[in-house]
Amino acid sequence: MSDGHLGAHGFDIIGDVHGCVNTLQKLLKKMDYQKVNGVFEHRSRKAVFIGDIIDRGPHIREALHLVRDMVDRGSARTVMGNHEYNALLYCTRSQPKTDPPQYLREHNRRNERILHETLEQFAHYQQEWHEFLQWFREMPVFIEEDHFRVVHACWDDQLISEFRKAYPDGVIDEEFLLASAVRRSFASRVMDRLLRGTDMPLPAGVTITSDDGYRRSFFRTKFWSIDPQTYNDVVYQPDQLPLSLQQQAISQEEKKRLVSYGADEIPVFVGHYWLKGTPAPVRGNVGCLDYSAVKNGKLVAYRMDTEKQLDQRKYVWERVSNEVVKL
């Protein structure tokens, strides 16, 4: 896909917002975006949001309006994040006339907890919420330009190549959404891989508990490791592996589960991974822009032009200090 504004225009790739709208406005202003008739725009650049606009944060409704207004104006684009996808599954009936209603994503305590802030903030704006759900369906799951790519969690070239045969613009339809709720279906593999990333099971009987209280029997992995040999070479998450596992050798069977992104590929940007510290490329052509904004971290952007290797000096961020965040 190419963009009508490509020409001499640059792109500002923005990480996971999660309802931190005050910080988002500060970040946009820092990058010289200005409000024109109530909508942020830049005279020569375009913003690209990496998904996860919703959930957890204090101003989800306001953040959605800001981003959608920019997209409608043509001053921004966005890809779908796993939180927008989860909301679609949670709010879409698997069968239209069942009583009680059955949904594509189970209405259990864990799933309700993730969406709680979003649903609560839209409690008195149900029509708006249904309109935003429709807008989520219109979000592509990836963006590819001549000189960079954007996907929420993982660029899997093989899956994307197969997927775009039927969906060249990266936008799913109702049939694909329904199919994605079926485990191990092609649609499920596409959405899980692109929006949630890759993972590796822990040895039998071993679990880790994340900072947000979830016990997991797997860990998130990088999709850009070059010739990894141990678990520590591929782990990519805020929660460290137990010391006893960090140097465990990766078996040949486990290596088959990993996705490879070549060092000679064009730059790719992701969010999703809750990083900390000073923003910087995770590899020369891979940038993660999720620096835990909703956990009082930083909302981060990268000012992309035509470079083939990412430059740490082109990161821009705003610390989250004026948002009241409920976790």
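Mind the numbering: the sequence shown is residues 1 to 327 in the working numbering, read in order.
We put the beta carbon where it would ideally sit given N, CA and C, even for glycine.
Neighbour-count burial assignment, residue i, 16 or more Cβ in a 10 Å radius
i	result
residue 198	buried
residue 247	exposed
residue 309	exposed
residue 117	buried
residue 192	buried
Cα-Cα separation between residue i and residue j, rounded to whole angstroms
i	j	result
residue 119	residue 182	25 Å
residue 319	residue 262	32 Å
residue 230	residue 136	38 Å
residue 208	residue 300	28 Å
residue 259	residue 168	22 Å
residue 226	residue 175	37 Å
residue 313	residue 271	19 Å
residue 96	residue 104	11 Å
residue 228	residue 249	9 Å
residue 10	residue 63	23 Å
residue 13	residue 125	29 Å
residue 84	residue 215	23 Å
residue 25	residue 278	21 Å
residue 138	residue 178	15 Å
residue 220	residue 275	13 Å
residue 311	residue 244	35 Å
residue 185	residue 196	16 Å
Sequence-distant residues of the same chain with beta carbon closer than 6 Å to residue i, five excluded per side
i	result
residue 147	266 and 306
residue 121	60 and 61
residue 33	40 and 42
residue 190	159 and 163
residue 180	187, 188 and 191
residue 282	288
Candidates the options: closest to residue i by CA position
i	options	result
residue 54	81, 73 and 280	81
residue 172	127, 228, 140 and 92	140
residue 102	244, 92 and 12	92
residue 36	73, 57 and 11	73
residue 76	243, 289, 65 and 22	65
residue 304	316, 293 and 115	316
residue 222	204, 242, 257 and 71	257
residue 280	128, 298 and 294	298
residue 78	88, 90, 51 and 85	51
residue 206	195, 282 and 218	218
Which of helix, strand or coil DSSP assigns to residue i
i	result
residue 49	strand
residue 41	strand
residue 136	helix
residue 71	helix
residue 25	helix
residue 12	strand
Chain-order list of residues whose beta-carbon lies under 7 Å from that of residue i (same chain, five-residue window excluded)
i	result
residue 254	200
residue 68	135
residue 150	13, 48, 50, 79, 142, 143 and 269
Sequence-distant residues of its chain with Cβ nearer than 8 Å to residue i (five each side left out)
i	result
residue 289	13, 14, 15, 16, 50, 269, 270, 271, 279, 300, 301 and 302
residue 20	57, 58, 59, 63, 293, 294, 299, 320, 323 and 325
residue 30	316 and 318
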